[in-house]
Structures are given as C-alpha cells and as structure tokens.
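Numbering (UniProt numbering), first residue to last: 1 to 212.
Where a beta carbon is used, it is the ideal one built from N, C-alpha and C, also for glycine.
Take a look at the structure set out below.
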C-alpha cells in the first residue's frame, strides 16, 4: 500500500456548511460499505506514481447516518471526493509518545512520512484548531502532552479518499481505538475544547457509549 507526498498549497477557506467531518473510530465506523480505491499522487508535482489497490471503508450515504445525529449535531459524512484542506498534519489528543511512534511507523509503511504529528498541549486547548495544526514540534520527546483528553485524531491536509485509507490501515498499529475527525474550513477557527465536546457528543450518539 502506498500514499503520496502532497504537492498542493495550504489554503484556509472561510466558508463551509459544517463544523467538522466526523470519521468514526478505529474500532467501529457506522454506515460504511467496502470499495476498491486508489490513493493517488498529486499529478501536478509527481508523474512517476506508485499506486496499489487497497480495500477501503467508504461512507455510503447520508441515509445511513442516524437521524438523531443529523438533527442534533454539526456532523457531516466523509466524502471520498473531499479536497485537501490545511497542512499535512495529524493532531493527536489523548495519545502518548510511544503511540505516536507506532503511527509514524504506519505512515512510513504508507509512504506518508511527509505527514507531521503534533501533540495537543495544555496551551492549545483554548486555541483554534488551525493554530494547533500549524504548530511546529520538531522534537516530540520534549513536548508536554495535555492529559485527560479523549482519544481523538484530527486529520488535516488529506483528501477524503486518503483519510479513508489511513483510517482503514490504522488497526495495523495495534493501538487502542481513536475517534477520527477531519479539519474543515468551518472548524478551523474553533477552539479545540469546543470541537472536542462536539465530536465526543456525536461519537456517543453513534456508538451508544459514553466517553470515560
């Protein structure tokens, strides 16, 4: 399985119809069908593409989203045609250094070393998601990770199709389940604590479980 480096410029649009895209958890994702897709390289910057087919989970349609979630939240289903938005970053909440190292190993297997991993710190919680994903942490071992946060991974800088491939491969890490959410334009300026509450509330509606 192979993924590509990103060649597109970082953009920060200001309009969107949704607060964020909830992608489900690594242990249970609702409303999914299986499809064969390709994680393509950016053709404008790469001509020698290396592609392999991979069985992916693709959200089928809005009809499969529970009605209560459609009515009571700002959830929007992931579309494989969703464009890239933001820098190529995985923002991790509630995960530890050894887990990030396993994620880095997975990214290496996917040829995705270009993706940066950023830990959520205490000072980020009241700041915007955009500020968090644009934070540089050159040495993760020196980062003071915020504690007592739910296990969430914000994905930035990937297409909907690429996110699906990453989520599909995530169980290979052997890590405990993580709730995935994609950064979208309308969520970029929201504080992380507010997004966390929205995401975990919707996750509980979908799974019928409560966060610890």
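| said: Closest to residue 193 by C-alpha separation, out of 163, 94 and 80, would be which residue? | reply: 94
| Presumed contact (8 Å Cβ cut-off) between residue 130 and residue 168, rounded CB distance | The Cβ separation is near 27 Å, so there is no contact.
| request: Decide if residue 148 is buried, meaning its Cβ has at least 16 other Cβ atoms within 10 Å, or exposed. | output: exposed
| message | Just to check my reading of the structure: residue 124 and residue 88 have Cβ atoms closer than 8 Å, yes? What is that Cβ distance to the nearest angstrom? | response | Actually they do not touch by this definition, with Cβ atoms about 18 Å apart.
| query | According to the neighbour-count rule (16 or more other Cβ atoms, all chains shown, within 10 Å of its Cβ), is residue 86 buried or exposed? | reply | buried
| task | Grab the span of the alpha helix (DSSP H) containing residue 166 for me, first residue to last. | result | 160-169
| message | Could you pull the DSSP bridge partners for residue 156 from this structure? | response | 89
| Less than 8 Å separating the beta-carbons of residue 166 and residue 155? | yes
| Same chain, Cβ closer than 7 Å to residue 121, five either side skipped, listed in chain order | 143, 144, 145 and 146
| Local conformation of residue 121 per DSSP, three classes | strand
| Residue range of the alpha helix (DSSP H) that includes residue 181 | Unbroken run through residue 181 is the beta strand (DSSP E), 179-182; no alpha helix (DSSP H).
| Looking at the unbroken alpha helix (DSSP H) that takes in residue 146, where does it start and where does it end? | That residue, residue 146, is in no alpha helix (DSSP H); it is neither H nor E in DSSP.
| message | Considering only the alpha carbon of each residue, which of 178, 90, 141 and 109 lies closest to residue 117? | response | 90
| Straight-line Cα distance separating residue 104 from residue 77 | 26 Å
| said: I'd like the list of long-range same chain contacts for residue 141, defined as Cβ closer than 8 Å, with 5 residues on each side in sequence excluded. | reply: 97
| message | My output table needs one value for residue 105: the three-state DSSP class, helix, strand or coil. | response | helix
| Where does the unbroken alpha helix (DSSP H) through residue 129 begin, and where does it stop? | 129-133
| Backbone CA spacing between residue 180 and residue 139 [nearest angstrom] | 24 Å
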